[in-house]
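Structure first, then comments.
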Ligand SMILES: [Zn+2]
């Protein structure tokens, strides 16, 4: 693995954080030993984080979005929602662990929540298929969205996937149809929908749960038509040029905001969501509550027209003579 | 709205046919050397093995519409380099090169015409224009075509041939999937028939949006149809792919399409389907 594929930019910060941990370990509560030293290091770390995280390259942002300790959908379900009841299965073939969903409360309000789920360790990663859903996952998501519509509950989707699973089974069971069907149905579901990219927004596999009235991104998440590695392999004919592709694709939250594709960027705690998942969850929750409050006042027909127009106007072209 | 009569494009587009110059062509499938005129007379299908050559968007439209009935829509729409995208080449330069070779400004031609006297909205992809990839122009033209079909209560026929979303327009390309699918949703609500015809190859974001949303989905024989490309799958699973994987026949067997129709039967099949659905 080449140099630039590691999170080297984070190393100096992690070094100081480790030192602080060590000092704390040797300084039992109340003794006050090393306090001065710890405070100094904390100051130093904060400054370092500020410097480094305000100048991340697009490729470095991609690596933060994929950080193995970043909060995933189920983490946010625990921290930002209450009373989560997971519902399983697509009623057609199986239960796809790469997508989780169910009923929950957000700030007291019942909602349906759906999101891709990545695994934390090797075994979990394999079980969750690295957050890459099969058609069954998308069909489960659609089933839950229809449930939400029937009981008039708003829908929250949390996007975090490298993409839809590229394998034989996925093709056999109609990956394309499953994604397409979700795009079509979501565009006309008669309840408010809010989507947040919390980590990786990988292509059609992300969009398949992302047709919403409000689309938001966490500060260090990415959203792209193709992975930088995939893009580099095709256009540069060299997968290691992913850093160049990440820049060219304009896949960071500020870029998408500029292109008019997303409505809002949700601030992450200093140094990224993985440094303070609770704070990240608080910010996510506040943004979701804002969005749902805003949407709940809109008549459903108007909401559907606005949703249609929201996607209808995306695109840049020239039309001479008009 | 700019439109061209059929005779305008038939001369120019012949150059872009995927066959070598000269009197003879080699079939990609059976490797036979065949007299080019004979292939053309046979709707660009190999007379020896029935291999369906890829054909241009305008020739495609010509093969199913009543002669001289095509009126083009939105032909003036031009792609823009919104991302200032540069890989080994600039997107602007790629577009310039494509524009030298093509009469069309992007990878999709659309308009209205007649099939056995019945009015249809029709569109076809130009695979030789940047792999038939869907960016803002293609997405916009498809959406407008679907909206015309809705507004005028006219059936819709779309022929796909595409590598998927256009990388050089980044996230804007991805969002065309949502935009086109939403337009199809509205067409469905009005009960206007939409026939999707998948031709070789149809993959990625095109398959995973309007292409798989036809009320009836037709494919040409042996057309490659899928979400992920076979090479990507091969590299991911590191196993040999099954024989005939992602071909039209495979999709039919797995319940993903309604039927496989040979090119020579395409017009009469579309005509029959439309008369039964919209009759
Ligand atoms: Zn042949």
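Protein chains in written order, with the working numbering: chain A, 1 to 322; chain B, 1001 to 1279. Just so you know, even glycine gets a beta-carbon here, dropped at the ideal spot from N, CA and C.
- Going down the chain, each residue whose beta-carbon is closer than 6 Å to a heavy atom of ligand 1 shows up: B/1027, B/1029, B/1030, B/1032, B/1046, B/1048, B/1049, B/1051.
- For residue 1213 of chain B, there is no enclosing alpha helix (DSSP H), since its DSSP letter is neither H nor E.
- Note that the C-beta distance between residue 201 of chain A and residue 160 of chain A is below 9 Å.
- Chain A places no beta carbon closer than 9 Å to that of residue 1278 of chain B, leaving this residue out of the contacts.
- The segment 235–249 of chain A makes no contact with the segment 197–212 of chain A, as fewer than three CB pairs between them are under 8 Å.
- CA-to-CA, the gap between residue 264 of chain A and residue 1261 of chain B works out to about 47 Å.
- One alpha carbon belongs to residue 128 of chain A, the other to residue 1036 of chain B, and they sit about 53 Å apart.
- Three or more beta-carbon pairs separated by less than 8 Å are not found between the segment 309–317 of chain A and the segment 97–115 of chain A, which leaves the two stretches without contact.
- In terms of CA proximity to residue 1208 of chain B, B/1174 leads the group B/1195, B/1174, B/1241.
- C-alpha of residue 307 of chain A to C-alpha of residue 187 of chain A: approximately 7 Å in a straight line.
- Contact annotation: in the segment 188–217 of chain A, residues whose CB is within less than 7 Å of a CB in chain B are 188, 203, 204, 207, 211.
- When CB distances to chain A are screened at a threshold of 7 Å, the residues of the segment 1082–1115 of chain B falling below it are 1082, 1083, 1085, 1086, 1087, 1088, in chain order.
- Looking at the backbone, the Cα of residue 1084 of chain B and that of residue 41 of chain A are separated by about 42 Å.
- Within the DSSP bridge table, the entry for residue 1052 of chain B names B/1045 as partners.
- Residue 1113 of chain B has B/1120 as its beta-bridge partners, per DSSP.
- A Cβ-Cβ distance of about 20 Å is found for the pair residue 1186 of chain B and residue 1136 of chain B, leaving them out of contact under the 8 Å criterion.
- If you look at residue 39 of chain A, you'll find it in the alpha helix (DSSP H) that goes 35–53.
- Taking the C-beta atoms as reference points, residue 122 of chain A is found no nearer than 9 Å to residue 141 of chain A.
- In this structure, the alpha-carbon of residue 1086 of chain B lies about 26 Å from that of residue 53 of chain A.
- With respect to chain B, the C-beta atom of residue 226 of chain A has a partner C-beta closer than 9 Å.
- Separation of residue 1177 of chain B and residue 271 of chain A (C-alpha to C-alpha, rounded to the nearest whole angstrom) is 34 Å.
- Counted as a single uninterrupted DSSP element, the stretch harbouring residue 232 of chain A is not any alpha helix (DSSP H), since DSSP gives it neither H nor E.
- When DSSP reads this structure, residue 193 of chain A sits in a beta bridge with A/155.
- Check the Cα spacing between residue 1050 of chain B and each of B/1278, B/1203, B/1264: the tightest is with B/1264.
- Taking the Cα of residue 103 of chain A as reference, the smallest distance to any Cα among A/38, A/154, A/262, A/133 is reached at A/154.
- According to DSSP, residue pairing for residue 1108 of chain B in a beta bridge involves B/1125.
- Burial check for residue 62 of chain A: the Cβ neighbour count within 10 Å reaches 16 or more, so the residue is buried.
- Here the segment 67–76 of chain A makes no contact with the segment 172–187 of chain A; the two share fewer than three CB pairs at distances below 8 Å.
- Annotated as proximal: residue 249 of chain A and residue 58 of chain A, with beta-carbon spacing under 9 Å.
- Contact between residue 1227 of chain B and residue 1204 of chain B holds: their C-beta atoms lie close to 7 Å from each other, under 8 Å.
- In the DSSP assignment, residue 109 of chain A falls within the unbroken beta strand (DSSP E) covering 109–116.
- For residue 127 of chain A, no Cβ of chain B is located within less than 9 Å of the residue's own Cβ.
- With its beta carbon less than 9 Å from one in chain B, residue 251 of chain A belongs to the interface.
- For residue 84 of chain A, there is no enclosing alpha helix (DSSP H); the enclosing beta strand (DSSP E) covers residues 82–86.
- Counting other Cβ atoms within 10 Å of its Cβ, residue 173 of chain A reaches 16 or more and is therefore classed as buried.
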